[in-house]
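Residue numbers (the working numbering): 23 to 227. Heads up, the beta-carbon is just placed ideally off N, CA and C, and yes, glycines get one too. This report concerns only the one structure given below.
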């Protein structure tokens, strides 16, 4: 088992070295090491929603949650010039907090630290205390609720980069929520290699 894991890590290292358009896709699993519950864990948002329960409150301030080694590994790929785009379904702000460039990031489900203008779609930090955008539009939560449409620009860029990718790396996602789950398939159809790192299993296609 150890030899098999080491072999897969070696393969992924070679793929990363050869890649010219790397796209990384993350979900809740990458943030568990930061103390946040997995989306589908026993106390996760989805599990509690299925039971008719409200999301569990975090027992510490959100701004005290820090990026972990998984987030920082992606930042290293950015520093190396390998990362061309990062797609995330997380709303925890940890990718931006880790140092990911905003222009390289699509937050498909929004960001709990930001407000969005209902008129022009501009985003501002909640901490600014603003209630109205410069365009006079109303500022609302940027977090996408169940049943709401995903942000058009983030969705469009995510699919565009998925099709351009030569390596698509999934981290901490079970790939069950569409349309985001369709993005790895788009990458495969366009000829990209696909690596999935989820829990303690590594799959390469």
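Cβ-based neighbour list, residue i, same chain, cut-off 6 angstroms, excluding 5 preceding and 5 following
| i | result |
| --- | --- |
| residue 193 | 48, 52, 219 |
| residue 34 | 217 |
| residue 105 | 44, 99 |
| residue 121 | 97 |
| residue 225 | 218 |
| residue 176 | 128, 130 |
| residue 90 | 55, 56 |
Cutoff 8 angstroms; reference residue i; Cβ partners in own chain excluding five residues on either side
| i | result |
| --- | --- |
| residue 88 | 56, 116, 119 |
| residue 242 | There is no way to answer for residue 242, as the model of the chain reaches only from 23 to 227. |
| residue 153 | 160, 161 |
Residue i, enclosing alpha helix (DSSP H) - first and last residue
| i | result |
| --- | --- |
| residue 163 | Segment 161-163 is the beta strand (DSSP E) holding residue 163; no alpha helix (DSSP H) there. |
| residue 181 | 174-186 |
| residue 148 | Residue 148 -> no alpha helix (DSSP H), and no H or E assigned at all. |
| residue 208 | 205-211 |
| residue 116 | 116-120 |
Unbroken beta strand (DSSP E) run spanning residue i, endpoints
| i | result |
| --- | --- |
| residue 190 | 189-193 |
| residue 129 | 127-129 |
| residue 109 | 105-110 |
| residue 138 | 136-139 |
Identity of the residue in the options nearest residue i by Cα
| i | options | result |
| --- | --- | --- |
| residue 195 | 169, 149, 174, 54 | 54 |
| residue 148 | 142, 43, 85, 28 | 85 |
| residue 126 | 197, 158, 184, 167 | 184 |
| residue 178 | 139, 107, 189 | 107 |
| residue 38 | 138, 190, 141 | 190 |
| residue 162 | 146, 92, 93 | 146 |
| residue 134 | 167, 175, 174 | 167 |
| residue 201 | 101, 58, 171, 30 | 171 |
| residue 203 | 46, 153, 124, 93 | 46 |
| residue 221 | 182, 32, 92 | 92 |
| residue 169 | 144, 94, 199 | 199 |
| residue 83 | 114, 101, 102, 90 | 114 |
| residue 156 | 165, 164, 144 | 144 |
Buried/exposed call for residue i, threshold 16 Cβ in 10 Å
| i | result |
| --- | --- |
| residue 96 | buried |
| residue 208 | buried |
| residue 142 | exposed |
| residue 151 | exposed |
| residue 42 | exposed |
| residue 138 | buried |
| residue 173 | buried |
| residue 58 | buried |
Close Cβ partners of residue i (< 7 angstroms) along its chain, the five nearest in sequence each way excluded
| i | result |
| --- | --- |
| residue 180 | 109, 128, 130, 205 |
| residue 13 | Residue 13 lies beyond the range of the chain shown here (23 to 227); nothing can be said about it. |
| residue 159 | 139, 140, 141, 142 |
| residue 3 | No statement about residue 3 is possible, as the shown extent of the chain runs from 23 to 227 and does not include it. |
Counterpart residues of residue i in DSSP-defined beta bridges
| i | result |
| --- | --- |
| residue 218 | 192, 225 |
| residue 44 | 105, 189 |
| residue 154 | 160 |
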